[in-house]
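2 protein chains.
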Amino acid sequence: MNIGDVATRSGLPAKTIRYYEDIGLVKPLRSANGYRMFHASDVHKLAFLGRARALGFSIEDCRGLIKLYEDTDRESAEVKQIAEEHLSRIDDKIAELIEMRATLATLVDACAGDHRPDCPILADLASKQQSLHLKETG
Amino acid sequence: MNIGDVATRSGLPAKTIRYYEDIGLVKPLRSANGYRMFHASDVHKLAFLGRARALGFSIEDCRGLIKLYEDTDRESAEVKQIAEEHLSRIDDKIAELIEMRATLATLVDACAGDHRPDCPILADLASKQQSLHLKETG
DNA sequence: TATTGACCTTCCAGCAGGCGGAACCCTTAT
DNA sequence: ATAAGGGTTCCGCCTGCTGGAAGGTCAATA
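If you read the sequences in order, they're chains P and V. Under full-length UniProt numbering, the first sequence has 78 at position 78, and the numbering climbs by one with no breaks. Under full-length UniProt numbering, the second sequence has 44 at position 44, and the numbering climbs by one with no breaks.
Below you can see the structure in the form of structure tokens.
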């Protein structure tokens, strides 16, 4: 089947599928006119990739997951490890964003947001000495 | 003052400072030997940028914030608006990550993670036709 | 004076993970 | 014959830097 069909069925843009071929995630054959020819299993694989990417797995993670997926003898521990590492990265990212959010929310709340020029947000950015959110540890 | 000093005092790598000059965030003069010459105010500005970046503001946000910072007649409402928009983006990102985390945590919990090949994580990625497809079809 | 070694300079390449567009080819319908 | 709607490659752009090569400059030392 052609790339357009595969795009529709897998839910990935054709551009992305070409890119995935570029980086070796899929290897479609070519027909006489140069068009990529995909198998049904490629649609499956691409949808798998789409879902893994939607869960935030990196391309390299995906490469590993695909490999494990295609190896029916793999140990589930290997998969779980990749997932747990990713989970941990997500947790770190969430923690980082929550801290950012707290600092920023404090500043936003402190700012009148009216016609006057006085602004605690800029004041804080300009001089961390009087920060409203200093880290006590670290 | 030379770029090395500025890097030390502002806390930004020299590479980053050169990049910031490239994109017009700072405009140091040049001495006879071609070295960049920074004012004390540049150190201040770069530290400002570093803190804004640490709060997750984009470079374009920073450009706006710097401009507002240097305009003593600006209305705090303008600053607050930029900050609130950013806060909203942070909230969206946090929500997205928390949802990802929940899905992934469920899968990780369901996976034995032992020597056996059976893995709910891969099973889910391989055939979850409906849930992650909803945003495109509905 | 020559030579380190630490500075500084520019430019080129690359990271993730693609997106947008140009320029062109293939197929089918009208 | 032509137009629409596939497909192809290639190139550059996005964010926000980071690393490295090749070379100029400066202060200190042997």
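Just so it is clear, CB atoms sit at the ideal spot from N, CA and C, and this is done for glycine as well. Keep in mind the model is a prediction, meaning the values are calculated, not measured.
For this session: Count the other C-beta atoms from every protein chain shown that fall within 10 angstroms of the C-beta of residue 122 of chain V, then say buried if there are 16 or more, exposed otherwise.
Result: buried
Problem set entry | Secondary structure of residue 29 of chain V, DSSP reduced to three states | strand
Problem set entry | Which residues DSSP lists as bridging residue 63 of chain V, in chain order | For residue 63 of chain V, which the question treats as bridged, DSSP gives no partner whatsoever.
Exercise. To which residues of the same chain is residue 30 of chain P closer than 8 angstroms at the C-beta, ignoring the five residues directly before and after it?
Worked result: 36, 37
Problem set entry | residue 18 of chain P - DSSP class collapsed to helix/strand/coil | helix
Exercise. Which residues bound the alpha helix (DSSP H) around residue 85 of chain V?
Worked result: 76-110
For this session: Drop a sphere of 10 angstroms on the beta-carbon of residue 54 of chain V, count the other beta-carbons inside from all chains shown, and report buried for 16 or more, exposed for fewer.
Result: exposed
Exercise. Using a C-beta cutoff of 9 angstroms, does residue 51 of chain P count as contacting chain V?
Worked result: yes
Exercise. Listing by chain order, which chain V residues have their CB less than 7 angstroms from the CB of residue 103 of chain P?
Worked result: 55
Exercise. Excluding the five sequence neighbours on either side, which residues of its own chain have a C-beta within less than 7 angstroms of the C-beta of residue 64 of chain V, listed in chain order?
Worked result: 82
Exercise. Helix, strand or coil: which one does DSSP assign to residue 116 of chain P?
Worked result: coil
Problem set entry | Any chain V beta carbon closer than 9 angstroms to residue 69 of chain P | yes
Problem set entry | Buried versus exposed call for residue 13 of chain V [16 or more other C-beta atoms within 10 Å across all chains shown] | exposed
Problem set entry | Buried versus exposed, by CB contacts within 10 Å (16 or more), residue 118 of chain V | exposed
For this session: Note the first and the last residue of the continuous alpha helix (DSSP H) segment covering residue 49 of chain V.
Result: 40-54
For this session: Just the C-alpha distance for residue 84 of chain P and residue 74 of chain V, rounded to the nearest angstrom, thanks.
Result: 48 angstroms
For this session: Using a Cβ cut-off of 7 angstroms, pull out every chain V residue sitting near residue 79 of chain P, in sequence order please.
Result: 111, 119, 121, 122
Exercise. Taking Cβ positions only, does residue 60 of chain V come closer than 9 angstroms to chain P?
Worked result: no
Problem set entry | Beta-carbon gap between residue 107 of chain P and residue 48 of chain V smaller than 9 angstroms | no
For this session: Measure the alpha-carbon distance for residue 136 of chain P versus residue 50 of chain V and round it to whole angstroms.
Result: Unreliable positioning characterises residue 136 of chain P in this predicted model, as indicated by a pLDDT of 34, which lies under 50. The coordinate reading is nonetheless provided below. Computed Cα separation, rounded: 20 angstroms.
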